[in-house]
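Take a look at the structure below.
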Amino acid sequence: MAETAVLHLLANLAPFLQGEVNLLSGVREAIEDIRVEFERMSAFLRVADAMEERDPELKDWVKQVRDAAHDTEYVLDILKLHLAQHHGDGFGGFLRKSFYFAKTLKARHQIASEIQRIKSRVINISEGHKRYHDKYGILEHGSRSDVVNNSWYDYRGDALLLEEAKLVGIEKPKRQLMDWLVKGGSRLKAVSVVGMGGLGKTTLVKKVYDDATVKKHFNSHAWLTVSESFRAEDLLKDMIQQLFEEIKRPVPVAVENMSINRLKCLAHDFLQQRRFVVVFDDAWNVNAWEALKYVLPDNNCGSRVILTTRFAHIASTCCKETDGHVYNLMPLSQENSWMLFCRKTFQGNLCPLHLEEISRRILERCEGWPLAIVAISGVLATKDISKIDEWEMLYRSLGAELEGNDILESMKKAFSLSYNDLPYYLKICFLYLSIFPEDQQILCKKVIRLWIAEGFVNAIKGKTIEEVANGYLNELFNRSLIQVAERYPDGRPSHFHIPYLMREMIVSKAGEQNFVTTICGQGSNFVTTICKQGSRRPEKVRCLLIQSTSGNVEYSERFSQLRSLIVWGPMDSLPIASLRELFRRGSRLLNVLDLAGTPLETIPDEVFKLIHLRHLGLRDTKVKMVPKLIGKLKNLETLDLGGTYVTELPNEILHLQKLRNLTSFHLKSSTICFEFGNMSGFKAPSQIGSLQSLQELWMIQADQRSKGGVSIVKELGRLTQLRELAIGDLRREDGVTLCSSIEKLSNLSILCVMSTKKYEILDLQSLSPVPRFLQELNLTGRLEEFPHWIPSLHGLVTLILGWSKLRDDPLQSLQELPNLAKLVLDQAYEGEGLCFKAGGFQRLKDLLLYKLKGLRWVRVEEGAMPHLETLDIRNSELMEEVPSGIEHLTNLQTFKLGDTSKKLISKLDREVQDGVYWKIAHIPEVRIWYGTVLIPSEANQPLCIVCYRKTRSLI
Numbered sequence: 006m007a008e009t010a011v012l013h014l015l016a017n018l019a020p021f022l023q024g025e026v027n028l029l030s031g032v033r034e035a036i037e038d039i040r041v042e043f044e045r046m047s048a049f050l051r052v053a054d055a056m057e058e059r060d061p062e063l064k065d066w067v068k069q070v071r072d073a074a075h076d077t078e079y080v081l082d083i084l085k086l087h088l089a090q091h092h093g094d095g096f097g098g099f100l101r102k103s104f105y106f107a108k109t110l111k112a113r114h115q116i117a118s119e120i121q122r123i124k125s126r127v128i129n130i131s132e133g134h135k136r137y138h139d140k141y142g143i144l145e146h147g148s149r150s151d152v153v154n155n156s157w158y159d160y161r162g163d164a165l166l167l168e169e170a171k172l173v174g175i176e177k178p179k180r181q182l183m184d185w186l187v188k189g190g191s192r193l194k195a196v197s198v199v200g201m202g203g204l205g206k207t208t209l210v211k212k213v214y215d216d217a218t219v220k221k222h223f224n225s226h227a228w229l230t231v232s233e234s235f236r237a238e239d240l241l242k243d244m245i246q247q248l249f250e251e252i253k254r255p256v257p258v259a260v261e262n263m264s265i266n267r268l269k270c271l272a273h274d275f276l277q278q279r280r281f282v283v284v285f286d287d288a289w290n291v292n293a294w295e296a297l298k299y300v301l302p303d304n305n306c307g308s309r310v311i312l313t314t315r316f317a318h319i320a321s322t323c324c325k326e327t328d329g330h331v332y333n334l335m336p337l338s339q340e341n342s343w344m345l346f347c348r349k350t351f352q353g354n355l356c357p358l359h360l361e362e363i364s365r366r367i368l369e370r371c372e373g374w375p376l377a378i379v380a381i382s383g384v385l386a387t388k389d390i391s392k393i394d395e396w397e398m399l400y401r402s403l404g405a406e407l408e409g410n411d412i413l414e415s416m417k418k419a420f421s422l423s424y425n426d427l428p429y430y431l432k433i434c435f436l437y438l439s440i441f442p443e444d445q446q447i448l449c450k451k452v453i454r455l456w457i458a459e460g461f462v463n464a465i466k467g468k469t470i471e472e473v474a475n476g477y478l479n480e481l482f483n484r485s486l487i488q489v490a491e492r493y494p495d496g497r498p499s500h501f502h503i504p505y506l507m508r509e510m511i512v513s514k515a516g517e518q519n520f521v522t523t524i525c526g527q528g529s530n531f532v533t534t535i536c537k538q539g540s541r542r543p544e545k546v547r548c549l550l551i552q553s554t555s556g557n558v559e560y561s562e563r564f565s566q567l568r569s570l571i572v573w574g575p576m577d578s579l580p581i582a583s584l585r586e587l588f589r590r591g592s593r594l595l596n597v598l599d600l601a602g603t604p605l606e607t608i609p610d611e612v613f614k615l616i617h618l619r620h621l622g623l624r625d626t627k628v629k630m631v632p633k634l635i636g637k638l639k640n641l642e643t644l645d646l647g648g649t650y651v652t653e654l655p656n657e658i659l660h661l662q663k664l665r666n667l668t669s670f671h672l673k674s675s676t677i678c679f680e681f682g683n684m685s686g687f688k689a690p691s692q693i694g695s696l697q698s699l700q701e702l703w704m705i706q707a708d709q710r711s712k713g714g715v716s717i718v719k720e721l722g723r724l725t726q727l728r729e730l731a732i733g734d735l736r737r738e739d740g741v742t743l744c745s746s747i748e749k750l751s752n753l754s755i756l757c758v759m760s761t762k763k764y765e766i767l768d769l770q771s772l773s774p775v776p777r778f779l780q781e782l783n784l785t786g787r788l789e790e791f792p793h794w795i796p797s798l799h800g801l802v803t804l805i806l807g808w809s810k811l812r813d814d815p816l817q818s819l820q821e822l823p824n825l826a827k828l829v830l831d832q833a834y835e836g837e838g839l840c841f842k843a844g845g846f847q848r849l850k851d852l853l854l855y856k857l858k859g860l861r862w863v864r865v866e867e868g869a870m871p872h873l874e875t876l877d878i879r880n881s882e883l884m885e886e887v888p889s890g891i892e893h894l895t896n897l898q899t900f901k902l903g904d905t906s907k908k909l910i911s912k913l914d915r916e917v918q919d920g921v922y923w924k925i926a927h928i929p930e931v932r933i934w935y936g937t938v939l940i941p942s943e944a945n946q947p948l949c950i951v952c953y954r955k956t957r958s959l960i
């Protein structure tokens, strides 16, 4: 983390060193000296960060470097703050600048003196760098010494302690891997096993490798453990030794002194006529594969290479080259987790009934992670099974209970290896995830915006800052450090999840680095309410997280460098008075303020003095009005008012020329479908088109005009950077103007349009050309005819039509869309039938048909919708037959049928003779209900609620 702090600082020194800022004499030179010293230390810091746990003195030195970097950044930001305030143009601006310069000259001299002190401090710290460099003999470019690499072998040995007897659920992946090894043709193929650390990749592959069938099938076998800083020569020598020992022949004496090319030739010649299997265990990059792939001959003998890795891109790269297979190792199922838990905790016996509920709660924290289950089970096995309070106490303090546990220490080593391997810009982003509450699905979009607001994302030419940040997030997915929780219809992650114990380790690391400080509980004092994160109370707080507290947060000098203030969790009341004091005294440099979900009703005036603020999150608060002071926040990039009661934004919002994301809407209920009157947007200033940086605008009211008669709809055409646009209250006469504006929004990917009344016509026929990047389209309002341009949206992934009241079947126009994955028709069609023709909707995964009142039948021809996973039909009371051809949908996972005819419901009862249950018998989950008609003998009860799951039990 010291490396991260230093490199982040170095990236922000350019304005001070390139003459962009007017500085007092000697300051620029001092900053240059500071830069030189930090650059000199930066190469060593990556290694020092990884080694600090082994050397208390080195750990203290690393902390000194980190603190010095933070203090330097703070002083320079204070300098920028002084230079940015009270600027103006013209003669009046000149007078203000002159007055302010005289007024703050003393302050600038004080800052200059502080910079000189920091320079001396950094030079002294740099002397320590030389000492540790000499002590450990580490090269200046930061290559790791043997003392760092030793940790690999400790971890590998611990991973193999999970023998097959301790694992459950291993048979299915083992069978699959063995099939790929012994079947599949004579060409050389690679088989990759990918997954997060601690899932048992090494254990699984070792069981396959040692299986008698595999041993017999292959003539030669070699297991190569790949370290992060492996040497190809060492891997080759290891492989040659194993190959010769297996056939009981002495290894050639000359091997030790052979060049790498001779080693390659020797290994290649040995394997040329043999059917071999070679394992590359725990590959951290593709270099091991690239270095040795030509040693492994494609000799038409059916040879195989097995590779285990945490990195998805490594797995796919190796397998693509050989037309091989990738096996994504998943966490254990609930059933298998429980089996392993009982086997380890109760020595194979059943769990006592009085402990089952608390045991299952504890097990949930493991989330199918085998190493975690074994670690926690080992602790529970020592507890008295008659004392449930001991088990409850362990659940509440799980992290502390596991301190010193040998298997958990292995998990920590695995985590440290993954963390230390991250580039500096990903380390800071990864630790930032510790701010999110446990057991929560985290919205990818929010994380990306927070990273950007914090300044963690580096600009890359040719990409938007959001695209770069999304690349960071994808890299964390690729490294198996976070898990996808939900996906958009096109497969992109929308939400992610951090396993409980992984999050515990992130929180611990963030606390040790003084990166995030958390206040929780009901106390009212900083000292008594700070959550335990690391071994000492932070001297300086940069990111403050307040969780579930109704007490006050007393100001402390520790908050003087505060950059982020985030509030999570339920609160009876928000400590407004203490927050105001915090804003007034300690948070002038605040970049992020997120009060989402709090009972805030009025935005404190002090917030509008935070001129460095980039992110203001007020989602789901009780705020009703945004004052004119909002115009002071000229650096604001994100203003999130979603779910508030704000109905209008002041003209001063137009001063926010850096604003990229503006969201403001109110929902009367949490219904999943767009219903008229449920969502209301905001009235925008008439010159909203001047906010040229806007990328997201959600949800603006269309029924407004400026004093000059120019409509808001026309203004939208000036926002050429827009990626997402939601507009409501659209009138028929504004349709042509809206189409004209949309034609200018070439970057648009999401468009939501809602008419002003249920039966108001959406006149969108004139749109041409259409935005070529449009992926999601939501039209809610009456359509006289189906928009002719929709079939040309070849990139369209999601289409939602609400209240369209179309008389003609729209499917003919939609079936050829090559990327359509989700289709929602909500009161969109008034015809009697829908026919999904053979070959149509090749990518469709989700089909939702709601409130199609005239619908009597649905027909699915064989070959239509081959990838459909969810079919949801509701409120079509005239339907009396199950969709014809539903049996052809072999990939269907979920079928929901709600509030259709009683006749259809009865036909789907599997107990009824001559029924049609057989048509849906292949679907893993079936939900059928009828909640609007009552059984006469049982008033106020639904007529039928049926749920079939994989077990096919009737609930």
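My numbering applies: residue 6 is where the sequence shown begins, and numbers increase by one.
Ideal Cβ positions, reconstructed from N, Cα and C, are used throughout, including at glycine.
Small disclaimer: the values here were computed from a predicted structure and weren't measured.
When the five nearest sequence neighbours on each side are left out, the beta carbons in the same chain lying within less than 6 Å of the beta carbon of Val-887 are those of Val-921, Lys-924, in order along the chain. By the criterion of a C-beta distance shorter than 6 Å, Lys-637 is surrounded in its chain by Phe-613, once the five residues flanking it on both sides are discounted.
Lys-194 is bridged by DSSP to Arg-309.
Secondary structure of Tyr-299 (DSSP, three-state): helix. DSSP places Trp-923 within a helical segment (H, G or I) once states are collapsed to three. Ser-338 counts as exposed, since fewer than 16 other beta carbons sit within 10 angstroms of its beta carbon. Around the beta carbon of Ala-10, a 10 Å sphere encloses 16 or more other beta carbons of the protein chains shown; the residue is thus reported as buried.
Beta-bridge annotation (DSSP): Asn-666 is paired with Thr-643, Glu-701. Distances from the alpha-carbon of Leu-193 to those of Val-173, Ile-116, Gly-200, Lys-325 put Lys-325 closest.
Taking 8 Å as the cut-off, the Cβ atoms of Ala-195 and Thr-327 count as close. Partner residues in the beta bridge of Lys-688, as assigned by DSSP, are Glu-653. Residue burial annotation: Leu-672 is exposed, with fewer than 16 other C-beta atoms found within 10 angstroms of its C-beta. Counted as a single uninterrupted DSSP element, the alpha helix (DSSP H) harbouring Ala-272 occupies residues 265–276. In the DSSP assignment, Thr-350 falls within the alpha helix (DSSP H) that extends over 339–350. Taking C-beta atoms under 8 Å as the contact rule, Leu-724 and Leu-696 qualify, at a distance of about 7 Å. For the beta strand (DSSP E) assignment, the uninterrupted runs of no fewer than 3 residues enclosed by the region 170–232 are, from N- to C-terminal side, 194–199, 225–230. The three-state secondary structure of Ala-293, taken from DSSP, is helix. Tyr-764 sits exposed, since fewer than 16 C-beta atoms from the chains shown fall within 10 Å of its C-beta. Judged by pairs of C-beta atoms under 8 Å, the region 229–239 does not touch the region 350–364, as fewer than three such pairs exist. Using a 10 angstroms sphere on the CB of Lys-633, the tally of other CB atoms stays under 16, which defines it as exposed. Contact check for Pro-428 against Glu-372 fails: the beta carbons are separated by 8 Å or more. Cβ neighbours of Ala-377 within its own chain (closer than 6 Å, five residues either side excluded): Cys-371, Leu-506. By the C-beta density criterion, Glu-491 is exposed, having fewer than 16 other C-beta atoms within 10 angstroms. Pairing Ser-809 with Leu-788 gives a Cβ-Cβ distance under 8 Å. About 22 Å separates the CB atoms of Met-870 and Leu-883; that is not less than 8 Å, and the two are not in contact.
Around the Cβ of Asn-519, a 10 Å sphere holds 16 or more other Cβ atoms; the residue is buried.
Residue state for Leu-355 is assigned as coil, using DSSP reduced to three classes. Residue pairing by DSSP leaves Gly-845 without any beta bridge partner. Across the set Ile-805, Tyr-834, Phe-846, the C-alpha of Phe-846 shows the shortest separation from the C-alpha of Asn-824.
Distance from the Cα of Gly-353 is smallest, within the candidate group Lys-466, Val-173, Met-684, for Val-173.
Tyr-437 sits in a helix when the DSSP states are folded into three classes. When Leu-594, Arg-624, Ile-116 are compared, the shortest CA-CA separation from Ile-616 is found for Leu-594. When the beta-carbon positions are compared, Leu-822 and Leu-798 come within less than 8 Å of each other.
Looking from the CA of Leu-436, the closest CA among Ile-608, Lys-514, Arg-864 belongs to Lys-514. Lys-827: member of the beta strand (DSSP E) spanning 827–831, first to last residue. Within the same chain, Ser-131, His-134 come within 8 Å of Arg-45 by CB-CB distance, once the 5 residues on both sides are set aside.
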